[in-house]
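Residue numbers (our numbering), protein chains in the order written: chain F, 573 to 951; chain L, 573 to 951.
In structure tokens, the structure reads:
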């Protein structure tokens, strides 16, 4: 019924997505084929036009194998042209409509060279951050300014003490945006200056990383403000502003600052049986978008990630991905001194440890507490 | 240990969120208190400073009641200042970090007047769309241009036939963005013109609604292009670009077009036992952000929503919400002629029915097929 006389020249050029699909084999096979249709043409199969649409635009099942009883590992390929070479549309092809269907989980992406070439990825990556901080090989130590409700000056005073104690990266808590307790511009100015003052005393290169997660029409402006006020990096929660906001900031020569990605509002993708894998969401996608470090809740803390899931995230930050640089895993949440040895064994040296409440609980002197954690990771 | 000498004047001014929490009572109570801490100060409880932070910034359990065995209905209030009166930070307070914790589901928001006043909501709403389309009371009929892979001209030809047949709203399929088959500007121009030509013949007011879901730095530009090319509305998938992108476009006098929200990439929030309710996500939040219609998969189609869940979404589009206008529920997916009577009974007249594949399957003549569906809803 539908014919298109336009002659598009299409060559084989496909990327792959691995899905886990639950159910009996026949049901899973039907679901796999449904993914091929739903994520591309979204059209009654019998009416899909012959030619390029049927031959190239439709998704294609490349592998269908059993993962475990009632669970199937399915590799589906899509033509790169379906993505328009946009991160937003790539996400849409990978998991847009099928996010609404049960029993499907995105395990991993295998992007082909033509698609990878459309993305610059992180501007700094592991090596770039190490250079900026002057830390050739040891683990990096980060903390967060909080609690919400403190004034900008009180937060800056905390930042000063943490920086004096040798913390490498001091970020805003992800919940501190532009509340009247500590308005963005005032806070960023005071905290950046406090860290700079501490650096002059210590000779270290601590950076202040304000949270620029903000309304759509203010995010880029905050990035520019942060830069002009002396911030050394930026914190963004892509669950709240979209992953492509990270890409835009990372790609901007005008901003030119490392980006830390925060998992707020992304949890539902990984907490159920369906959704996306930790590896794909917090590893591959954060990295592809251009984050230089990906924050996630560490195992054994007050969140629910297992050690294996955390190791998978770390793997996603450095597995082969063409020219896209490896980035830092940044496990946080519930970190205390006694957990550090195990964390070092799990993550090795290429990691940014994020210590929060533990830094306050350790003892009454925040400078000393900072030194305590700093010494623990000085391997 | 932490003191803040800044004297903020804080009055009681709180909004409420209802959560469902699974588990034994003691566990659920602990989890409720954890939400109060995690979503605000994210700080060791014993160290939370006295004064405004403990008295106002901390979340507060207002109601704790049993919903059913092993499930508790908990109302938690937060001070409006925690949100910075930003949609992004509001989402963060409601479900940011706890999205990563299991057994918690956001059921509904009760926003207080001071917080509602920060949002304009939909520019058009039900009444505004009815005025634009010249349809005082009957259900509205929409369809989507597809499949992906057709040329812009072929899509425009489809649009022309649908408009001739009396379809009221013709949108791009949500997967058609800026692929080389049908680049955005070319497609929007041809489709808008095709619909305009049909309107001149029919005397009707059909509108073309292009998909402007796009990379962060291109979305606003596409909205402006769409407007200048004669689009009558805009389609946005907030799961891909962030809910606040809708707010920005809705608030813009320069754009001044109705917005349809599409659920792509949002499914994981509602497909598991945890996450958010259909009511909150597709009803309340889409509306608060400023969508004039919220698209979601109808019950009985190829997706998994139940009839009750769909009715809940419809309720969320019109339940009392201060000055925020009621919007249209727009159920779609798998709509066929035989389902229309039941859908009319379920949704009444204030609905935008989205018919997709069914419109192509009905018979060989798309103008006739359009008339068939159009007549069915002419009540």
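Each residue gets a CB set at the ideal place from its N, CA and C atoms; glycine is no exception.
Neighbours of residue 843 (chain L) in chain F, taken as residues whose beta carbon is under 8 Å from its own, are 671, 672, 673, 674, 844, 846, 847 in chain order. Counting along the chain, residue 756 (chain L) sits inside the alpha helix (DSSP H) bounded by residues 756-774. With a threshold of 16 other beta carbon atoms within 10 Å, residue 689 (chain F) falls short and is exposed. The C-alpha of residue 635 (chain L) lies about 10 Å from the C-alpha of residue 591 (chain L). Residue 848 (chain L) is not a Cβ neighbour of residue 589 (chain L), given a cutoff of 7 Å. If you ignore the 5 residues before and after residue 630 (chain F), its C-beta comes within less than 8 Å of the C-beta of 608, 609, 612, 613, 620, all in its own chain and listed in chain order. From the beta-carbon of residue 658 (chain L), the residues of chain F found nearer than 7 Å are 749, 750, 786, 787. Closer than 8 Å at the C-beta level to chain L, one finds these residues of the region 615-632 of chain F: 615, 616, 619, 620, 621, 624, 625, 628, 629. For residue 612 (chain F), the C-beta contacts it makes with chain L under 9 Å involve 719, 720, 721, 747, in order along the chain. Interface with chain F (7 Å Cβ-Cβ cutoff): residue 812 (chain L) is included.
Below the 9 Å Cβ cutoff, chain F contributes no neighbours of residue 830 (chain L), its closest Cβ being approximately 18 Å away. In summary, no residue of the region 690-703 of chain F has a CB separated from any CB of chain L by less than 7 Å.
Cβ contact annotation for residue 692 (chain L) (same chain, cutoff 6 Å, sequence separation greater than five): 823, in chain order. Between residue 787 (chain L) and residue 793 (chain F), the beta carbon gap of about 18 Å keeps them out of contact (Cβ cut-off 8 Å).
Comparing C-alpha distances from residue 705 (chain F) to each of F:830, F:897, F:816, F:726 shows the shortest one belongs to F:830. For residue 925 (chain L), none of the residues of chain F pass the 9 Å Cβ criterion, the least Cβ distance being about 17 Å.
Under a criterion of Cβ atoms nearer than 8 Å, the residues of chain F adjacent to residue 653 (chain L) are, in order, 751, 752, 753. Interface with chain F (7 Å Cβ-Cβ cutoff): residue 945 (chain L) is excluded.
Residue 668 (chain F) sits away from residue 932 (chain L), with the two beta carbons spaced by 7 Å or more.
Between residue 803 (chain F) and residue 782 (chain F) the beta-carbon gap is near 5 Å, inside 8 Å, which marks them as a contact.
The beta carbon of residue 856 (chain F) sits no closer than 7 Å to any beta carbon of chain L. Non-local beta-carbon contacts of residue 850 (chain F) in its own chain, meaning distances under 6 Å to residues more than five positions away in sequence, involve 842, 881, 884, 885 in chain order. Partner residues in a beta bridge of residue 721 (chain F), as assigned by DSSP, do not exist. Residue 817 (chain F) reaches chain L at 788, 814, counting residues in chain order whose Cβ is nearer than 8 Å. Residue 636 (chain F): member of the beta strand (DSSP E) spanning 632-640, first to last residue. Of all alpha-carbon atoms in L:898, L:844, L:801, the one lying nearest the alpha-carbon of residue 827 (chain L) is that of L:801.
For residue 912 (chain F), the closest alpha carbon among the candidates F:871, F:878, F:887 is that of F:871. If you check each beta-carbon in the region 577-589 of chain F against every beta-carbon of chain L, the ones closer than 7 Å belong to 578, 580. Closest option to residue 817 (chain L), judged by alpha-carbon separation, among F:812, F:818, F:664: F:812. With the rule of 3 Cβ pairs closer than 8 Å, the region 731-739 of chain F does not count as touching the region 647-663 of chain L.
In the three-state reduction of the DSSP assignment, residue 576 (chain L) falls in the coil class. Contacts with chain L at 7 Å (Cβ-Cβ) include residue 933 (chain F). Listed as beta-bridge partners of residue 876 (chain L) by DSSP are no residues whatsoever.
Shown here for residue 799 (chain F): same chain residues with a beta carbon closer than 7 Å to its own, the five before and five after excluded, namely 827, 829 in chain order. Within the same chain, 745 come within 6 Å of residue 718 (chain F) by CB-CB distance, once the 5 residues on both sides are set aside.
For residue 870 (chain F), the three-state secondary structure derived from DSSP is coil.
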